[in-house]
Structure formats: C-alpha cells, structure tokens
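Quick notes on the structure that follows.
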Amino acid sequence: MPLLHLRGVTRQFATIDGPALQILKGVDLDVAAHDRVSIVGRSGSGKSTLLNILGLIDQPTTGIVELDGEPVALMGGRMRDRLRGATVGFVFQQFNLIEGLTAAENVAVPLHYGAGRRYWQRHRLASEMLERVGLSHRIDTKATNLSGGEQQRVAIARALVRSPRLILADEPTGALDIETGGRIMDLLDEVAADAGAALVTITHDVAVAARASRMLRIVDGRLEQTSAVAA
Amino acid sequence: MTDVVAAIQDAWTELRIHRGRVLMSLIGVTVAIAALTASVAIGELARSTLLVSFESQSGRAATLTTSAWNEQAGGDPFAAGAPSGADSLAVLDAMEAAVDRYDIEFASATTQGQVMFQGASGTQGVQVTGAEPDFAIMRHLGVADGRFLVESDRARLAPAVVVNRGLLDALGQGPASARTVELGGSTAVIVGVIDRGMQDEWPQAWMLPRDLLRLPEANSPMAYMNPPSLEAWVPEELADDGKRMLNQDIAGALPGWQVNTERTDWQAWGDDYDPLLPLQLTLIGAASAILLLGALGLVTVAVVSIRQRVREFGIRRAFGASRGRIFVAVMLESVVGTVVAGAIGIAICIFAYRLPAVQEMLTQGLSGGELPGFPMGAAITGLLVAAAVGAIAGSIPATIAVRSKVIEAIRF
Ligand SMILES: Nc1ncnc2c1ncn2[C@@H]1O[C@H](COP(=O)(O)OP(=O)(O)OP(=O)(O)O)[C@@H](O)[C@H]1O
Ligand SMILES: [Mg+2]
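Next comes the structure, spelled out in structure tokens:
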C-alpha cells in the first residue's frame, strides 16, 4: 500500500469576478515509502497547490486522497491536523521560520503538537537535529540573525524533528545561490535517506529535479512522467 | 497534561517576544486589578469589623438564649415587682445544671439590674450586667486594663466588678488608685476596666450573676432586676437540637415557670441578610469600570498584532497544531499576561496594606482593634478576575487567528 494515493484530484479556486480557476484537473499520483519524487512545472501551474494537498493542508475540490489507505476527506479536522503533524515535514521556499524564536525553539515547534514524551525532550531533540544539519554553533541564535542557507538548514531540522515519513519540500533552494542550494539539497537527500522518509521536492531547477528517482511535470493541471533531459 | 503545559509555555514565549508592546496594555490591567483587590479587601475588612460589632450586640453564631418568667407575675417581670432573689437563684441553678449536663463549652447566665453607686459628685445610678467569664469571649468584650471576670471570682468575699471608663471617670480618681467601688449597698473590688470609645462614656459595670443578685439593693423594686436568662454559644449544626434540649431541660427543672429558648444571634435573622452587600457592590462596580478600560486596551493591541502573526499560525498549523490549539494558545497569551499583571497588582496592594501609614489610616476606622492580615479572599478574587478578563479579551484575537487559512498564510 502506498503512503500517499491520489486519484482524479482536482482543485479550483473561486474568483471574485468571472469563472473559477481550474488549477488541477485530474492528478493521479502514488508516493511509496522511501520514494524520491520531484515535480517541476511552470510558475502558476499548480505545484504548490498540489503540495498543499499532499501535505493535508488543503483539500481537493474533487477526487480521492488516501494516506496509508485512509481517505483523508472522511477525517475530521483535528484528526487531519494530528496526522499531518505526525506524518509530514514541510520545507518551504521562504524558510518560514518564526521570527523572534531562536533556531532551537523553531526546530522544537512541531514537538509542541506531538506526544508528551517528545515535548519534554524537545530541547535535546532540537539540539541534536541542529547538530545533524551542521548548526550546533547556532542553537540559541535568533532566526532573523541567520543567513539564508542557515535558515533553510534550520527549516530542514524542523521538518525532520518529529521523524516524519513524508518530507514535502516546496522549492527548497529557490531563495539560495546555486552553491548553497546544492549543499542544502545534499543535506536534504541525506537526512531523508537516513530517516527512511519519502521525499517530494517541487522545483524549477532541473539539476535539483534530476536528483530524484522519479521526475514528474505538471502540464495543464495534470501530471506526466518526464525525463531529466526533457525538463 | 502535556498539552496544557506546552500551551502555557507557548504563551509565555510569545509574551517574552512581544514584551514591549504587551507591557503598556498590561499596566492598565495591573492598576485595575490593584484597585479591584483593594476595594474587595476594604469591603472584607469592613465586613469583619462589622461582624464583630454585630456579634458583640447579639452574640456569635449560633447563640441560643433561654429566658424564664414566672406565670404568677403575669409574664411581665416589671409588673408585679421583680422576681424575688430566691426565685432568680433557683433559675440560675436550673440553667447552670443544664450547661453542665450538656457540656456546653461557652455559656453565660445573664441578668441586668439598675443599682446605685457612690461617685465623686454623689450617688448615681448604673446599669450592671450580671455575666459569667465566658461572656467576654461570646460578645467580643475586650478589657483595656486588668481582666474580665474569672472562675476564681466566685470564691471572693467582696464581689469582683468590671467597670467601664464612664464609671471610672465618675469615681473621680485616677485609674491607678481606684480599687473599689461602693455599689448597690456593698463594696465591690474593681478587677478590670473596659473602654470601647463612645460606647463607654456612660457608667456601666459587669459582675457575676450571683454577686449581682446578692447585692443588698438588688432585692429592692428600684433595682428593676430582669430575671436571669441563659446565653449558650453552640456550633451552628447543633443549634436546633440544642434549642429543644435546653428548653426541655430547664423547663423541667422550673415547675410553674414559663421557659422559652430562641436563637438570637444576628445571623439567624435571615439567610439573605447581608448589610454590607450594597457597599461592596458599589466598590466592585467602580473597579470593574477601570478594568474594562484596561481590557479594551489589551484587545486593541492584541487584534492589531495578531494580523502580523497570521504567517506564524499558518506555520504552526502546517506542523500539526489544530485550530483549537491555536485558539487556546492565543487566548492563553492574554490570560498569562493578565494573570501576571494582576499578581503584580495584588502584590502592590498587599505591600501598600503593610505600610505603617496605611495601617494607621485603616485602624482609625476600627474601634481600637488590631488589623487582621490581608484578606486572602480579596487576593484570590483579584486573580480570578484577572484570568477571566484575560480569557475574554484573548478570545477576540484568538477567533481572528483561527479564521485565517493555512494555505493563505504560508503562500508567499
Ligand atoms: N488560495 C488561492 N486562491 C486563489 N487562487 C489561488 C490560490 N492559491 C493558488 N491560486 C492560484 O493558482 C495558481 C497556481 O498556484 P500555485 O501556487 O500552486 O503555483 P505554483 O506552481 O506553485 O507557482 P510558483 O512556481 O510560482 O510557486 C496560481 O495562478 C495562483 O494564483
Ligand atoms: Mg509555488
């Protein structure tokens, strides 16, 4: 049974004037445990929209989304929130760290919403995660005082701190220079492999996309298989 | 359990981050809670002093009063002359026997009489209360100098008497030199002086009931002696049974007498009787108005700042926080803030209460009494109100926070 199973997923957004925007028009996708998937597509093609659905942040207009064989649409809101926290780790393009919190406090945020045992160990777990991404010297630094590359490392540590089975990265290198981006992708690949988590990466960058074992492209609201060369 | 701790921890971190902004609005809450706590405390202090004054008039809860009168005298002790000394002593015997039998801890036979005493400017009348040692405790009767009547006074040859300042003044001697007084045709030894201020301008005296009844003058019609009655201070839950048993017992011992026992302390006047309620309501109303202003300031600041934090809530939702959790977190920020602010306000109140100047000012309102400790009820009320205001004020930004959508919040 795949970790994630999508069939005929559509998503449309209502507009104030005029017809609704049809962004996703029938997406079929299976993500197995340990999978390495990359999704490319033009700007505005619906990559982030799809990622939000994969991460249980958003719901499709029609179609089926199953997590571990369970239809997500039938779950209550609280259940979905709980499952998201336990299963998914997000890495965003804009890092999305919480200003005012230190690196370690940011990494510990997901632990506030999980099991009690991990909550009480949050300082230790966060420090270990930061060490893992090479930031042991930045533990008590405010998020706003970190460089872009450092912030994205913190974001990766935060995504992994609850040992998710699915890591969703939305243009994780988009705000970084090529060299830093390459090192961040190395790190992401490595920690995901270590943790045994599936990794779905959304990107513009062909080099980044080529790292995955499976590359998909969004064209006209649908997913199609593609090769690195064609991307 | 962990959820609660984690939520409070989140709230505290938030407050720490936004210290400056929150501080200003919380100062208002501190002031308001200080005012509220002070007004509740003043109300409670006034209540406790008024309580003492009520209790000194009518006895503590529960006070049972047994009175006896002779049917042959037509039920009116003054109509056919006072009961004879022998009759009164028989009543006293019956009452004392009943007190012994039921092992009542605090009880006093009481009687009143008007006798003459020898003052500096001639013979004067004085109201003498026949009372036993327990009477001082039962009626909050404090002795300024010397002591009240004690058990060993029963064995004296010359009767012991406690006088008030008015009587002492009438004797025309300094307090130190006045040792005896010619009272009701006998010489009584002064053992203590009572001074309750205004109340003691006019001469008054207290003697053991038997000593009073034995005064030569006590048997003259001019003495207007009341027949003895019995006051017993019993636990409230025993009041009903005690009333019935005392009455039965004393009536049985006094054939030919009419005996009646009633609960006479002021708390028995009515369940809802609370003379201080209007005062306290007024004080609390004023404090609430201040508090409302403080809370409005808090809401305004919180609502403005919540809009800047929509992204943060989106991030937290993405990492597993439920809507309910976000709501509680935002509300708790406000609650933790107001509780801390309130606690500071309460601390200021308690500190101010301890200041000598304030103590002096407050004791002027009391009749020479010591101030009790700061009323804890007021502190607890202040804290609860602070928490409630925080919860109400916090629910507005919390509602805004949960209404924002995650996908919107983290989109750009
Ligand atoms: N909540 C929303 N309401 C209305 N329109 C939306 C909403 N979210 C996305 N859209 C629209 O849907 C389209 C796809 O958006 P999406 O963010 O998924 O694109 P993307 O492929 O991630 O683009 P980019 O590469 O620029 O990030 C865009 O035209 C966008 O304006
Ligand atoms: Mg996007």
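Sequence lines, in order, name chains U and G. Okay, so the first sequence: first residue is 1 according to the UniProt record's numbering, each after it adds one. Okay, so the second sequence: first residue is 1 according to the UniProt record's numbering, each after it adds one. Where is the CB? At the ideal position from N, CA and C, for every residue including glycine. Please read these numbers as outputs of a predicted model, since none were measured by experiment.
| Item | Value |
| --- | --- |
| 7 Å Cβ cutoff met for G/N219 and G/Q112 | no |
| Closer than 5 Å to ligand 1: residues, by C-beta to nearest heavy atom, in chain order | U/F13, U/I23, U/S43, U/G44, U/S45, U/G46, U/K47, U/S48, U/T49 |
| Boundaries of the beta strand (DSSP E) in which G/E333 is found, first to last residue | Careful: G/E333 lies outside any beta strand (DSSP E), inside the alpha helix (DSSP H) at 323–354. |
| Chain G residues whose Cβ lies nearer than 8 Å to that of U/A86 | G320 |
| Beta carbon proximity, U/I202 to chain G, threshold 7 Å | no |
| Cβ-based neighbour list, G/S186, same chain, cut-off 7 Å, excluding 5 preceding and 5 following | P159, L215, P216 |
| Sub-7 Å separation of U/I156 and U/L111 beta-carbons | no |
| Exposed unless 16 or more other CB atoms sit within 10 angstroms - verdict on U/P164 | buried |
| Check whether G/L141 and G/L208 have beta carbons under 7 Å apart | no |
| C-beta contact flag for G/A94 and G/A253 at 7 Å | yes |
| Sequence-distant residues of its chain with Cβ nearer than 8 Å to U/M1 (five each side left out) | D68, G69 |
| Chain G contact for U/P110 (CB, 7 Å cutoff) | yes |
| Close-in-space but distant-in-sequence residues of the same chain around G/T267 (CB under 7 Å, 5 per side omitted) | Per the sequence shown, residue 267 of chain G should be read as Gln rather than Thr. Result list for G/Q267: A61, in chain order. |
| CB contact check: G/V29 to chain U, cutoff 7 Å | no |
| Residue from G/A251, G/G324, G/V340 whose Cα sits closest to the Cα of G/A98 | G/A251 |
| Below-7 Å beta-carbon distance, G/I326 vs any chain U residue | no |
| Spatial distance of U/H204 from G/A343 (CA atoms) | 55 Å |
| Assigned exposure category for U/A14 - 16 Cβ within 10 Å defines buried | exposed |
| Contacting residues, own chain, Cβ-Cβ under 8 Å from G/E201 (five flanking each side not counted) | R165, G166 |
| 8 Å contact criterion, which U/L160 and U/L51 should meet: CB distance rounded | With 8 Å as the limit, U/L160 and U/L51 do not qualify as a contact, their Cβ atoms being about 17 Å apart. |
| 7 Å Cβ cut-off: residues of chain U touching G/I407 | N52, I57, D58 |
| Within chain U, the residues that G/R323 reaches when beta carbons sit closer than 9 Å | G77, R78, D81 |
| G/V128 beta carbon less than 7 Å from that of G/P203 | no |
| Simplified DSSP assignment, three categories, for G/E360 | helix |
| Cα-Cα separation between G/L50 and G/Q199, rounded to whole angstroms | 15 Å |
| Check whether G/A205 and G/G172 have beta carbons under 7 Å apart | no |
| 7 Å Cβ cutoff, G/A11 in contact with chain U | no |
| When G/D265, G/A387, G/P375 are compared against G/S56, the one with the closest alpha-carbon | G/D265 |
| Chain-ordered neighbours of G/I315 on chain U, where CB pairs are closer than 7 Å | N96, I98 |
| Residues from the region 329–347 of chain G in contact with chain U, defined by Cβ distance under 7 Å | none |
| Check whether G/A398 and G/V335 have beta carbons under 7 Å apart | no |
| Straight-line gap, G/L291 to G/L45 (C-alpha atoms, nearest Å) | 22 Å |
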